[in-house]
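Engineer: With this note's numbering as the guide, the letters of the sequence shown map in order to residues 212 to 484.
Yeah, the Cβ is synthetic: ideal placement off N, Cα and C, and Gly gets one too.
Before I ask anything, here is the structure I am working with.
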Amino acid sequence: MIDLNFKYSELIEVLSDEAPFTPDIALILGSGLGDFADRIEKLKTISSTSLPGYPPSTIVGHEGKIHFCRYAEKNILIFQGRIHFYEGYQLSQCLIPVFISYKLGIKKIFLTNAAGGVNLNFNSGDLMLITSFNGINIKKELTNFIGVSTIEGKNNFQNFPSVSLNNIIRKAALESNISLKEGVYWFNKGPAYETPAEIQMVGKMGGDAVGMSTAHEAVFAAYLGLETSSVSLITNMAAGISPNKLSHKEVTDTANLAKDKFESLVKNILKLI
Ligand code: HPA
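Have a look at this one:
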């Protein structure tokens, strides 16, 4: 069992000393969505490389920066870039942004990611509110990897994803004139994209979108008692549905095209929270 309090005590100490305020909300920006951090007032930016024990990002478009931001009279902690299991890190390392949020006293965390569309009613460029997660027994994986039992702890699983946060996201989408899709996020450990046969299976088993992040962060946040909700940007249709060969470039190209829409949604969410 890994004691995150012990393992990351120095990191939390350094960050707490540097923090200009106590944040109300945390936001993790997924693949290609990092530019949102350039569109919001920043009071302070910390490079994750200056934090002892913070794993360096190895993925293009994941800056590894932590910003203390102000918007709509709220203090917001933004992680520009996340830590992925497929980068070779341990699951406990992938959970550091959620753990930091918890230790800084944050009560709400909003997770974003890029995902492949499996539901045939989706199109590349759509935004999808995550209604549930599947793919592996994520709660069991967490128990195996870091020794947390999801039936212990503060445990917010009766409200997972958060009903009130999800309703705020729906309202924010309406106000932004965005036709927000909804569905189940299927977690694939990666780093390889899925095969067309896997995508057929995912579709039959109720997955609407597939991606390589977020699920464990959401479960861990709920375990720690945080309210959590997540949105995916469908950056491509998944393997076998899309006629194109999947690539990280397609993911970042679509995310670039969807920048304004994403900004409008997130800012409305932050206003309404
Ligand atoms: N599969 C898995 N992860 C992804 C995809 C995909 O098609 N698109 C963006 N992230």
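Could I get the ranges of all uninterrupted beta strand (DSSP E) runs contained in the stretch 408–451, with 3 residues as the minimum, in chain order?
Structural biologist: Taking only runs of at least 3 residues, the beta strand (DSSP E) segments lying wholly in the stretch 408–451 are 420–422, 438–448.
Engineer: Which partner residues of I320 appear in the DSSP bridge assignment?
Structural biologist: DSSP output for I320 lists A237, T439 as bridge partner(s).
Engineer: Ends of the beta strand (DSSP E) at E474?
Structural biologist: Where E474 is concerned, there is no enclosing beta strand (DSSP E), although the alpha helix (DSSP H) it sits in stretches over 470–483.
Engineer: Is G292 a contact residue of the ligand HPA, with contact defined as CB to any heavy atom under 6 Å?
Structural biologist: Incorrect: G292 has no Cβ contact closer than 6 Å to the ligand HPA.
Engineer: For L288, does the three-state DSSP call read helix, strand or coil?
Structural biologist: Strand, per DSSP.
Engineer: Ends of the alpha helix (DSSP H) at E224?
Structural biologist: 220–229 is the extent of the alpha helix (DSSP H) around E224.
Engineer: Taking 6 Å as the limit, name every residue whose beta carbon sits nearer than that to some heavy atom of the ligand HPA, in sequence order.
Structural biologist: My final list is A325, A326, G327, N399, Y404, E405, V421, G422, M423, T446, N447, A449, L457, V462.
Engineer: Between F333 and G264, what straight-line distance do the alpha-carbon atoms span, to the nearest angstrom?
Structural biologist: Near 39 Å, if we compare the C-alpha coordinates of G264 and F333.
Engineer: By the DSSP assignment, the beta strand (DSSP E) with N377 in it spans what residues?
Structural biologist: Taken as a continuous stretch (DSSP letters only), N377 belongs to no beta strand (DSSP E), being part of the alpha helix (DSSP H) at 374–386.
Engineer: Given this structure, state the Cα-to-Cα distance separating P234 from E409, to the nearest angstrom.
Structural biologist: Their backbone Cα atoms lie some 40 Å apart in a straight line.
Engineer: If I'm right that G292 touches S268 with Cβ under 8 Å, what's the distance once you round it to whole angstroms?
Structural biologist: So it is a contact: roughly 5 Å between Cβ atoms.
Engineer: Return the chain-ordered list of same chain residues with a C-beta closer than 6 Å to the C-beta of F310, the five sequence neighbours on each side being excluded.
Structural biologist: Same-chain partners within the cutoff: L215.
Engineer: Can you tell me whether DSSP reads R293 as helix, strand or coil?
Structural biologist: R293: coil per DSSP, three-state reduction.
Engineer: Below 7 Å between beta carbons: does that hold for F387 and N324?
Structural biologist: A small fix is needed here, since residue 387 is Ser in this sequence, not Phe. For S387 and N324, no; Cβs fall outside 7 Å.
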